[in-house]
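Here's the structure we're looking at; comments come further down.
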Amino acid sequence: MKKRVIVIGAGYAGLSMAAFLASRGHEVEVLEKNPEIGGRARLWEDKGYKFDMGPSWYLMPEVFERFFKLFGKDINDYLTIHKLKTYYKVFYEGHEPVRITEDFEKTKALFESFEPNGAKKLVSYMEKAEYKYKTAMSEFVYKEYKSIFDFFNWKILTEGLKLDIFATLDSFVRKYFTDICARQILEYAMVFLGASPANAPALYSIMSHVDLKLGVWFPKGGMNAVAQAIAKLATEHGAKVRTGIEVKKILVENGRAVGVLTDEGTLPADLVINSGDYAWGETKLLEPEYQTYKPRFWEKRTMAPSMFIVYLGGEKEASLP
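Just so you know, we're using our numbering here: the sequence shown kicks off at 2 and counts up by one.
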């Protein structure tokens with residue numbers, strides 16, 4: 002049956018959900034409180050400059066390609082991406098900055114300069130990271146998990162130890178490297194995932210395979226262009242995306258969501274999907290009797306580490322490396 006669906010938030014997740022539901026014939030409306038779409042990947046424009054507010058790199062392009070293929074579309078009709086020759090530059094305290102590039106031989110030489118047998122250790126580490134990546138992508142990532150019992154399949158039980166799911170990333174990296182510079186290159190991605198290497202699962206070593214081997218890409222128009230591409234896909238299937246409208250409350254009757262209260266009034270719905278932060282949706286949009294976790298639960302949580310970001314604009318033109 003055709004249903005009216007309201008999706009809260011026009012980030013990657015919300016827009017993707019809108020595209021899926023609209024393609025199946027539902028009446029979908031996406032409500033975004035900011036004046037632009039993208040969520041954490043929104044765009045900020047000021048004095049002629051444009052800044053991506055969140056994600057900086059386009060990784061695992063095959064995942065995005067697969068998403069568009071689910072709709073019978075070619076992502077190249079929606080987005081133009083470039084593979085970077087220089088992935089990033091790392092600045093250390095008391096050490097010369099280093100450049101990570103698409104040339105893995107140079108990366109091996111860099112790790113060799115960090116400590117004896119560094120290149121050999123890196124190759125061994127990367128082989129393990131590649132195995133984890135391929136196993137995760139083929140066995141776990143695209144599987145639907147409806148209950149906790151879905152996690153206890155034969156593959157997880159047999160491969161769990163090989164994937165180091167019970168070790169931390171920091172302890173796993175230290176098995177290979179003692180040099181702080183080498184370790185930080187292999188662990189830095191945890192900051193973007195909202196975790197610390199000291200408590201993140203060692204399975205996340207797959208990120209080293211992702212950026213050091215699979216490569217770092219960048220879309221024309223910045224990371225917000227990805228949100229624009231997904232929004233275009235969603236609207237082509239009939240979804241509506243509205244910006245500058247804030248949801249104040251999810252309206253519930255008899256245990257079911259029946260609509261939302263916005264700063265512009267009430268909107269009815271058969272289904273409401275919150276793609277915003279879990280804690281925010283629970284504590285700010287739902288009445289206490291409908292909250293899965295109460296405010297005191299969230300108050301005891303460590304939400305995520307953060308960082309200090311500076312947005313700088315210069316007069317010199319630059320091209321993609």
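For glycine and all other residues, C-beta sits at the position ideal for the given N, C-alpha and C.
Run through the DSSP bridge pairs and tell me what ASP47 is partnered with. TYR50
Handout entry: Span of the beta strand (DSSP E), counted from its first residue to its last, around LYS107
Key = Looking at the DSSP string, LYS107 is not in any beta strand (DSSP E); the run it does join, the alpha helix (DSSP H), is 105 to 115.
Beta carbon of TYR312 nearer than 8 angstroms to that of PHE92 = Cβ atoms of TYR312 and PHE92: not closer than 8 angstroms.
### Nearest-angstrom Cα separation, counted from ILE7 out to GLY260
8 angstroms
Under three-state DSSP, which class holds VAL227? helix
Quiz prompt | Ranges of the alpha helix (DSSP H) found wholly within the stretch 132 to 204, counting only runs of at least 4 | solution = 155 to 160, 170 to 175, 181 to 188 and 190 to 193
Cβ neighbour criterion (16 or more within 10 Å) applied to ASN275: ASN275 is buried by the Cβ-count criterion.
- prompt: Would you call the CB atoms of PRO62 and ILE82 closer than 8 angstroms?
  reply: yes
* To do: From the DSSP output, in three-state form, read off ASN275 for me.
  => strand
**Prompt:** What are the partner residues of THR102, as DSSP defines its beta bridges?
**Reply:** BP columns for THR102 point to THR87.
* Close Cβ partners of PRO296 (< 7 angstroms) along its chain, the five nearest in sequence each way excluded -> Beyond the five residues adjoining it in sequence on each side, PRO296 comes within less than 7 angstroms, by CB distance, of THR284 in the same chain, given in chain order.
Check for me: the alpha helix (DSSP H) holding GLU290 runs from which residue to which? Premise fails: GLU290 is in no alpha helix (DSSP H) and is neither H nor E.
- Pick helix, strand or coil for ARG25, following the three-state DSSP scheme. coil
Sequence-distant residues of its chain with Cβ nearer than 6 angstroms to PHE69 (five each side left out): ILE76
ask   = Where do the ends of the alpha helix (DSSP H) carrying ARG297 lie?
value = For ARG297, the uninterrupted alpha helix (DSSP H) segment begins and ends at 296 to 300.
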